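Scroll down for the structure; my scribbles are underneath it.
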Amino acid sequence: MNSIIRNIVPLGSLLVSVLALALAVWISPWWLILLLVTVPLLAFSLYDYFQKDWTITRNYPGAARIRWLAYDLRPFLRAYIVEGDLEGKPYPYEARNLVHARARGQTDTHPFGTERDVEGAEYQWVNHSIAPAEHPEKSPRVTVGNDQCAKPYSASVLNISAMSFGALSANAVEALNLGAKQGGFYHDTGEGGFSRYHQSHGGDIVWELGSGYFGARDDAGNFDPELFAEQASRDQVKMTEIKLSQGAKPGHGGLLPAAKVTEEIAETRKVPAHQDCLSPRGHKAFSTPAQMMEFAARMRDLSGGKPVGIKLCIGQPHEAFAVVKAMQKTGIYPDFVVVDGAEGGTGAAPLELSDHVGMPLIDGLVLMRNALVGAGVKDKVRLAASGKVYSGYGLAQNLAIGADWCNAARAFMFSIGC
Ligand SMILES: Cc1cc2nc3c(=O)[nH]c(=O)nc-3n(C[C@H](O)[C@H](O)[C@H](O)COP(=O)(O)O)c2cc1C
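Start counting at 1 in the sequence shown, then tack on 6, and there's your number in our numbering.
This is the structure we're talking about:
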């Protein structure tokens, strides 16, 4: 009985095929139409029965394919039908919808009141003033650049966070840069170099250098000061940034597979085309916090005195303190530090790193702010935050706990249709 149930699809298909043949002979050839369904089912079932890759399809030939189909449909069924407006992860429907509506200039107001559980343990809010400002600043700006910087930059409080050309397509990079130009905010290149697509619209650029020094490296992958100076001194580049880590994969580095390393990407990154392109886990240009400060000062000089910053996801607290101590010891103050939360996004990362390594934004931001304030250097070093900011509330929350401005990556991906 058990084996009949297990083989219900091939047995059923065989039975119906035979019946269809008989009916075609006795009654009408139209019955042969049934073979269009039963013969493929029989063929799949025979294949399933003899294959040795999957136990479940071998045990339940034909029938187990329904399971694969359900697996394939699962993300769509959940996202489109089952999932509540506030439930989706990493971003709920409400967030995606809000960004889409605002990007398209559609109505973004919400009728009838909040759907959030304001009595729930996870409910968050900010306190308003009973005396609202009469003329609130329309586009508040933050001046970045301490007394060691010759060309301070006036940054928006919301900017496009680092995403490389390579992780994003040329069209996406161009669209984001056009947005930065129109909106008056900056566009961080990500570690994949300053490509021609970042340049076509002239939006403000923060050029990020990761451990691969893409766009500013020699053939052996070492930092090349001349290449760096050539691009960093361009007018469009407003600040430069050393990437130590990102929240979605701290300490991991990265690999752009050979198939994605086109001639264009290779030219931008200064790496060989059609070969795997590796971002090592750590930097070669420095190995202590003090050396990192010296490297930052060098980048600032080579860029013609533009602000230089450090981006990191906070891990071991004592290391964050060591970075601040190195500022005091060397007397070199980076112009800004960007704290990325463990909840941050990436092109691809091992699940263990995304799910369990690195400090979430609020904790990391509080820690870094306290380190800077405690050491008495917060007036020299601006603090930025990234991690799931997609609305004014995210901005307000991070500014309230110490950030001077915020960056968003995935929300900007939604805005261009991702
Ligand atoms: C597709 C993609 C590519 C990214 N590439 C980089 C990168 O090259 N350098 C970097 O510092 N962070 C990178 N990030 C991380 C983002 O800059 C940002 O710090 C993180 O996603 C948190 O912001 P979000 O929550 O608004 O997405 C990337 C994120 C995404 C989604």
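Note that beta-carbon positions come from the ideal geometry of N, C-alpha and C, so glycine has one too.
Fair warning: this is a prediction, and the values are worked out from it, not measured in the lab.
- Judged by DSSP secondary structure, Asp346 falls within the beta strand (DSSP E) whose first and last residues are Phe342 to Asp346.
- By the criterion of a C-beta distance shorter than 6 Å, Val277 is surrounded in its chain by Cys283, once the five residues flanking it on both sides are discounted.
- When the five nearest sequence neighbours on each side are left out, the beta carbons in the same chain lying within less than 6 Å of the beta carbon of Val329 are those of Pro295, in order along the chain.
- Sequence-distant partners of Val179 (beyond 5 residues in either direction) whose C-beta falls short of 7 Å from its own C-beta, in its chain, are Phe171, Ser201, Tyr203 and His204.
- Ranked by Cα distance from Val150, the options Gly347, Lys386, Ala391 and Gly408 are led by Lys386.
- Taking a C-beta distance under 8 Å as the contact criterion, Ala355 and Lys249 do not qualify as a contact pair.
- Taking a C-beta distance under 8 Å as the contact criterion, Met374 and Pro313 do not qualify as a contact pair.
- Leaving aside the five residues that flank Ser167 on each side, the residues in its chain whose CB is nearer than 7 Å to its CB run, in chain order, Asp194, Ser392, Asn413, Ala414 and Ala415.
- Per DSSP, the continuous beta strand (DSSP E) segment holding Gly260 begins and ends at Gly260 to Leu262.
- Relative to ligand 1, Glu197 has its C-beta within less than 7 Å of a heavy atom.
- Not one heavy atom of ligand 1 lies closer than 7 Å to the C-beta of Asp361.
- Looking at the DSSP output, Arg147 shares a beta bridge with Ser162.
- Set against 7 Å, the gap from the CB of Asp369 to the closest heavy atom of ligand 1 is not smaller.
- At the C-beta level, Thr352 and Gln252 come within 8 Å of one another.
- Boundaries of the alpha helix (DSSP H) around Asn376: Leu367 to Gly380.
- If you ignore the 5 residues before and after Asp123, its C-beta comes within less than 7 Å of the C-beta of Tyr129, all in its own chain and listed in chain order.
- Sorting Glu89, Leu318 and Leu401 by C-alpha distance to the C-alpha of Gly196 places Leu318 at the top.
- Rounded to whole angstroms, the separation of the alpha carbons of Asp341 and Asp153 is 9 Å.
- For Pro146, the closest C-alpha among the options Leu40, Ser160 and Ile320 is that of Ser160.
- Every alpha helix (DSSP H) of 4 residues or more that sits fully in the region 25 to 64 is shown, in chain order, as 41 to 56.
- CA-to-CA, the gap between Leu83 and Ala377 works out to about 46 Å.
- For Leu405, the enclosing alpha helix (DSSP H) has its first and last residue at Gly398 to Ala406.
- In the displayed model, Gly18 falls within a helix according to three-state DSSP.
- For Val395, the distance from the CB to the nearest heavy atom of ligand 1 is below 7 Å.
- Inclusion of Gly94 and Ala85 in the CB contact set at 8 Å is warranted, their separation being smaller than that value.
- Distance between Lys187 and Ile211, taken at the CA atoms: about 10 Å.
- Judged by DSSP in its simplified three-state form, Ala355 adopts coil rather than helix or strand.
- Excluding sequence positions up to five before and after Ser23, its CB lies within less than 7 Å of the CB of Leu41, Thr44, Val45 and Leu48, all in the same chain and listed in chain order.
- For Glu214, the enclosing beta strand (DSSP E) has its first and last residue at Ile211 to Leu215.
- Taking the Cβ of Arg416 as the reference point, at least one heavy atom of ligand 1 falls within a distance shorter than 7 Å.
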